[in-house]
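Heads up: the sequence shown runs through residues 595 to 784, numbered per this note's numbering.
A quick write-up on the structure given underneath.
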Amino acid sequence: MTSSVVSSQGSPTGLSAARPFRVALVVSENERAALTGVQQNQRDSLRGADDRVFVGPTNVVAANDLRQAKKRVDDERAARYALGRRQRPILLAVNACIEVDNAAACRRMANGTDATGDGLSYTGTARGLAGLVFDIDHLNLADGLVVRSPGGWTVQAYATLTEELNKRGYQLLVMVVDAHKSWVSQRKAS
Numbered sequence: 595m596t597s598s599v600v601s602s603q604g605s606p607t608g609l610s611a612a613r614p615f616r617v618a619l620v621v622s623e624n625e626r627a628a629l630t631g632v633q634q635n636q637r638d639s640l641r642g643a644d645d646r647v648f649v650g651p652t653n654v655v656a657a658n659d660l661r662q663a664k665k666r667v668d669d670e671r672a673a674r675y676a677l678g679r680r681q682r683p684i685l686l687a688v689n690a691c692i693e694v695d696n697a698a699a700c701r702r703m704a705n706g707t708d709a710t711g712d713g714l715s716y717t718g719t720a721r722g723l724a725g726l727v728f729d730i731d732h733l734n735l736a737d738g739l740v741v742r743s744p745g746g747w748t749v750q751a752y753a754t755l756t757e758e759l760n761k762r763g764y765q766l767l768v769m770v771v772d773a774h775k776s777w778v779s780q781r782k783a784s
């Protein structure tokens, strides 16, 4: 992704390259097999369609709301900078319940189909989640998101989310993880 820089006279002064905003969908090995168009990935790696690794190594941060997310991401960046370490992408953990409409998603959550875990909670449509991705990207709250559905991903939810993210210029990456492995760091920040 590139953005042009415009001088005060209104003429472009050059192009600056921006780091791509990452959106990674956490799936189980069984879900990966059921989703169409998902490439075979190595465990715990994120690869695009051309088999390039987009994410890794990264830091995944969990927060209860966007204010806490901003603070935790800023603290993580400052800590890495103070120690003189290379800056790694910082991804924000999101637990999502995606359905065809908001009412269905809320019913699913009310029925206990999805349990929430560490990370921001999102209940709604794929379009709404894509809007949240856009907001987090443009507010520079994190370098990307790691999205999981504790109740599992359906083929329809995956396809709709991929379509909505593509409309906004984002590529959905898939991360296959072991169901018994913690997907987010348990280190807590204040």
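Every residue, glycine too, gets a C-beta built ideally from N, C-alpha and C.
With 16 other Cβ atoms within 10 Å as the buried cut-off, status of residue i
i	result
N734	exposed
N624	exposed
L677	exposed
D659	exposed
V768	buried
D695	exposed
G749	In the sequence on display, residue 749 carries Val and not Gly. Classification of V749: exposed, given that the 10 Å Cβ count is below 16.
R680	exposed
A697	exposed
A643	Legend: pLDDT at A643 = 47, less than 50; position of this residue unreliable, no value from coordinates given.
R666	buried
Contact set for residue i: own chain, Cβ-Cβ below 7 Å, skip 5 residues either direction
i	result
L723	A690, I692, Y716 and L755
Y764	F615, V617 and V727
For residue i, three-class secondary structure by DSSP
i	result
T717	strand
G738	strand
L629	coil
L766	strand
V733	First, the amino acid is wrong: residue 733 is Leu here, not Val. Of the three classes helix, strand and coil, the one that applies to L733 here is coil, per DSSP.
P614	coil
Contacting residues, own chain, Cβ-Cβ under 8 Å from residue i (five flanking each side not counted)
i	result
A805	Summary: the structure shown does not reach residue 805, with the chain confined to residues 595 through 784, and so no result is reported for it.
L685	R616, A618, V649, T652, N653, V654, V655, A736, D737, G738, L739 and V740
Sequence-distant residues of the same chain with beta carbon closer than 6 Å to residue i, five excluded per side
i	result
V741	L619, V688 and A690
E758	A720, R721 and A724
K761	none
> At which residue ranges does the segment 649–701 contain complete beta strand (DSSP E) runs of 3 or more residues, listed in the order of the chain?
Replying inline: Taken in chain order, the complete beta strand (DSSP E) segments of 3 or more residues contained in the segment 649–701 are 653–655 and 684–692.
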